[in-house]
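Quick notes on the structure that follows.
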């Protein structure tokens with residue numbers, strides 16, 4: 001290379017500016033789940049980058065912030081500042097799939113609310129275990145509604161705002177009916193094991209529609 | 001410690017300093033991959049905090065950096081700057097390939113929401129194929145909106161926060177070209193003069209006129 | 001737009017009647033090869049309209065109708081099966097074409113040819129607009145492709161709380177499952193035709209006082225239960241079981257002289 005080339009022009013073909021490099025390692029550390037070594041960083045950055053120097057700048061930038069760039073073994077990672085760990089307790093939830101019995105019970109409550117325990121049992125054809133109802137109550141997806149004006153004045157169950165939030169519904173009224181589920185292809189495409197395909201049982205549909213609108217009238 | 005009580009010590013019982021609040025929301029946003037609302041942030045922060053104000057500071061701080069604070073619906077999240085995507089091949093997740101029908105259906109829901117299945121069919125001129133809607137539901141890009149207040153009270157579809165997040169939109173109002181489409185009258189649901197043979201379910205045809213621009217009204 | 005259609009419609013009716021060009025015929029042939037690739041008649045119309053090389057707002061619906069009809073004719077000539085909705089559209093376009101060509105009849109009710117044509121043009125324009133919008137949407141930077149969420153979400157070992165979750169699909173399928181289960185419910189007998197052993201026992205206790213002599217079991221059946229086989233069987237079984245119970249209690253004797261012979265009862269002293 002010739003001696004008299006302006007060093008500034010050369011830099012066009014060189015590594016990006018250090019500020020750019022700092023942005024790059026910031027984005028990589030953010031998006032990567034495991035700590036990343038300087039070598040890995042450089043292998044992902046454009047040719048000629050100096051991840052070590054960029055790291056010095058980045059670590060400085062995060063000093064005293066809510067998150068820090070920490071060194072773990074040979075790698076670097078972004079971690080919450082240790083004094084803010086108390087904010088993270090909500091992140092430690094273990095998410096489990098709701099049992100089939102609970103889902104069915106919940107679905108019946110959502111579609112038929114307010115509904116008594118006996119009515120749920122009648123629809124499901126099996127008795128509802130106490131644990132199932134307690135679990136749904138505890139999750140705050142269902143709550144007690146008004147007592148029914150029938151002998152024994154049994155308590156009823158209705159779904160909560162928390163339920164609507166979780167399932168992204170504006171109201172339980174917006175749940176599709178059986179006919180709509182079917183026409184949207186939601187039933188046929190992946191039938192749950194052990195279920196018969198839905199027959200064109202219009203009587204049943206009418207019944208459920210009727211029941212629904214009745215229940216939701218206030 | 002000195003006898004005179006320092007006003008700073010009193011503040012221990014007040015809300016933390018704004019700089020501290022900014023650190024807190026920074027830590028929470030970094031720890032969470034889903035958008036977090038101001039309300040959720042405040043529920044996790046000490047009493048008396050103003051997450052909204054802290055957010056203004058934090059967003060400013062991250063301007064031009066490798067990661068950014070973005071608004072998605074009601075929530076906020078940190079995302080890598082999109083000009084740095086080329087560094088991330090490793091993190092790229094293979095997005096399930098959507099069929100042309102699914103993409104069109106998604107666009108129609110986004111631009112016409114809340115929209116019924118019959119309206120989607122009218123616009124596309126074909127019935128919505130089985131599996132298209134439930135694929136979009138499963139990806140959590142669409143959800144059920146309010147039922148239409150028209151005969152049959154059909155269910156409607158709207159797009160979700162997950163959809164906005166995926167396409168980097170702050171709200172459905174920011175959809176590309178929305179204004180032009182609206183002013184060109186192309187988001188209207190014009191009743192056909194007489195009957196055209198293109199409609200899906202004839203019973204649901206007449207329902208398309210109301211509530212169309214509900215979500216987009218300013 | 002209406003005025004535009006009126007002018008155009010009249011002009012064409014004068015000069016272009018049934019003048020389907022060679023190019024149009026060729027285009028229709030090319031499309032037929034790809035008929036499976038179309039998503040319904042509206043999609044096909046949109047594709048045909050591109051041959052006009054004008055803004056969709058200025059498209060000639062009359063010309064489009066001719067192209068479409070030519071397409072359907074070609075398909076018929078090639079003995080291709082077209083789906084019913086393509087034929088419905090063809091019939092409608094033939095109707096539209098006649099409306100556009102004939103001078104409007106002031107007596108006639110319903111929308112004019114121009115109104116119908118304008119609506120079809122609107123539908124085509126709207127479909128095209130949605131396709132463009134879909135393309136623009138998919139061309140945006142996307143999460144997980146162009147920009148990224150946090151790779152590592154925070155984990156703390158100290159607090160462990162279990163939450164349960166379910167998706168809307170789970171919920172709806174769960175509901176469908178319970179509703180369709182009606183068909184599987186264990187068979188419940190129609191109570192109208194069942195005479196229970198408890199009923200029979202109560203009845204027999206009242207009757208045995210009068211049964212000093214051997215009497216046929218069938219004579220102890222309740223009234224009105226021998227008129228149909230289902231009821232008779234149920235009453236016989238219940239009465240027999242009740243009699244055995246009374247024998248066990250020592251109130252009754254039973255005998256049967258031979259296999260399948262009538263069963264007889266009398267009070268035991």
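Residue numbers (our numbering), protein chains in the order written: chain A, 1 to 218; chain B, 1 to 218; chain C, 1 to 269. Beta carbons are placed, not taken as given, at the ideal position from N, Cα and C, and that holds for glycine.
**Request:** Note down, in chain order, all residues in the region 20–34 of chain B with a beta-carbon under 8 angstroms from any beta-carbon belonging to chain A.
**Result:** Residues 22, 23, 24, 25, 26, 27, 28, 30, 31, 32.
**Prompt:** In or out: residue 1 (chain C) buried (at least 16 other Cβ within 10 Å) or exposed?
**Reply:** Residue placement at residue 1 (chain C) is poorly supported in this model, since its pLDDT is 31, which falls under 50; the coordinates still yield a value, given next. Counting every other CB atom within 10 Å of its CB across the protein chains shown gives residue 1 (chain C) a total below 16, marking it as exposed.
**Asked** Hey, would you say residue 120 (chain A) sits closer than 7 angstroms to residue 103 (chain A), going by beta carbons?
**Response** no
**Message:** For residue 67 (chain B), list the residues DSSP reports as bridge partners.
**Reply:** B:80
**Message:** So, does the region 172–180 of chain A touch the region 131–150 of chain A, judging by three or more C-beta pairs under 8 angstroms?
**Reply:** A contact between stretches requires three or more CB pairs, one per stretch, nearer than 8 angstroms, and the region 172–180 of chain A fails this requirement with the region 131–150 of chain A.
**Request:** Report back the beta-carbon spacing between residue 159 (chain B) and residue 141 (chain B) to the nearest angstrom; my notes put them in contact at under 8 angstroms.
**Result:** 6 angstroms
**Message:** Output needed for residue 86 (chain C): all residues of its chain with C-beta closer than 6 angstroms, excluding positions within five of it in sequence on either side, in chain order.
**Reply:** Scanning its chain for C-beta atoms nearer than 6 angstroms, with the 5 sequence neighbours on each side dropped, one finds around residue 86 (chain C) the residues 41, in chain order.
**Neighbour flag for residue 269 (chain C) against chain A, beta carbons, 7 angstroms** = It does not; no Cβ of chain A falls within 7 angstroms.
**Request:** Just the chain C side, please: which residues come within less than 8 angstroms of residue 104 (chain A) by C-beta, in chain order?
**Result:** 174, 175, 177, 178
**Message:** With H, G and I counted as helix, E and B as strand and the rest as coil, what does DSSP make of residue 97 (chain A)?
**Reply:** strand
**Prompt:** So which residues on chain A does residue 160 (chain B) lean against when the C-beta distance must stay under 7 angstroms?
**Reply:** At a C-beta separation below 7 angstroms, residue 160 (chain B) has these neighbours in chain A: 168.
**Item:** Where residue 228 (chain A) falls: helix, strand or coil (DSSP)
**Value:** Because chain A in this structure spans residues 1 to 218, residue 228 (chain A) falls outside the shown range and cannot be described.
**Request:** Please classify residue 39 (chain C): does DSSP put it in a helix, a strand, or coil?
**Result:** coil
**Prompt:** Which value, in whole angstroms, describes the spacing of the CA atoms of residue 193 (chain C) and residue 230 (chain C)?
**Reply:** 7 angstroms
**Whole alpha helix (DSSP H) elements within the region 119–151 of chain B, 4-residue minimum** = 132–138
**Request:** Output the distance between the C-alpha atoms of residue 253 (chain B) and residue 172 (chain C), rounded to the nearest integer angstrom.
**Result:** Because chain B spans 1 through 218 in this model, residue 253 (chain B) falls outside it and cannot be assessed.
**Item:** Other residues of its chain near residue 24 (chain A): CB distance less than 6 angstroms, five sequence neighbours each side excluded
**Value:** 45
**Prompt:** Mind pulling the alpha helix (DSSP H) runs of 4 or more residues that sit fully within the region 55–134 of chain C?
**Reply:** 61–77, 84–101
**Message:** Taking the alpha-carbon of residue 165 (chain C) as reference, which of A:32, A:99, A:15, A:64 has the nearest alpha-carbon?
**Reply:** A:99
**Within chain A, the residues that residue 81 (chain B) reaches when beta carbons sit closer than 8 angstroms** = 23, 27
**Message:** Any beta carbon from chain A within less than 7 angstroms of residue 88 (chain B)'s own beta carbon?
**Reply:** yes
**Item:** For residue 80 (chain C) and residue 34 (chain A), the rounded distance between their alpha carbons
**Value:** 59 angstroms
**Prompt:** Under the DSSP definition of a beta bridge, which residues are partnered with residue 32 (chain A)?
**Reply:** For residue 32 (chain A), which the question treats as bridged, DSSP gives no partner whatsoever.
**Request:** Starting from residue 255 (chain C), follow its DSSP beta bridges and name the residues at the other end.
**Result:** C:264
**Prompt:** Are any of the Cβ atoms in chain C nearer than 7 angstroms to that of residue 41 (chain B)?
**Reply:** no
**Asked** Taking 7 angstroms as the CB-CB limit, is residue 107 (chain A) close to chain C?
**Response** Taking Cβ atoms only, chain C reaches closer than 7 angstroms to residue 107 (chain A), which makes this a yes.
**Message:** According to DSSP, is residue 116 (chain B) part of a helix, a strand, or is it coil?
**Reply:** strand
**Request:** Check the Cβ-Cβ distances between residue 168 (chain C) and every residue of chain A, and say whether any is below 7 angstroms.
**Result:** True, the Cβ-Cβ gap to chain A drops below 7 angstroms.
**Asked** Is there at least one Cβ from chain C nearer than 7 angstroms to residue 85 (chain B)'s Cβ?
**Response** Yes, contact with chain C.
**Message:** For residue 72 (chain A), list the residues DSSP reports as bridge partners.
**Reply:** A:75
**Message:** In the DSSP assignment, the alpha helix (DSSP H) including residue 56 (chain A) goes from what residue to what residue?
**Reply:** 51–61
**Message:** At the 7 angstroms Cβ level, is residue 50 (chain A) part of the contact set with chain B, yes or no?
**Reply:** For residue 50 (chain A), no Cβ of chain B is located within less than 7 angstroms of the residue's own Cβ.
**Item:** Every unbroken alpha helix (DSSP H) inside the region 204–261 of chain C [4 residues or more]
**Value:** 229–248
**Request:** Please name the residues in the region 126–147 of chain B whose beta-carbon is closer than 7 angstroms to at least one beta-carbon of chain A, in chain order.
**Result:** Correct list: 130, 131, 133, 134, 143, 144, 145, 146, 147.
**Item:** Neighbourhood of residue 79 (chain B) by C-beta, 8 angstroms cutoff - its chain only, sequence neighbours within 5 removed
**Value:** 67, 68, 70, 168
**Message:** Looking at the strands, I want to know which residues DSSP matches up with residue 194 (chain C).
**Reply:** In the DSSP output, where bridge partners are listed per residue, residue 194 (chain C) has none listed.
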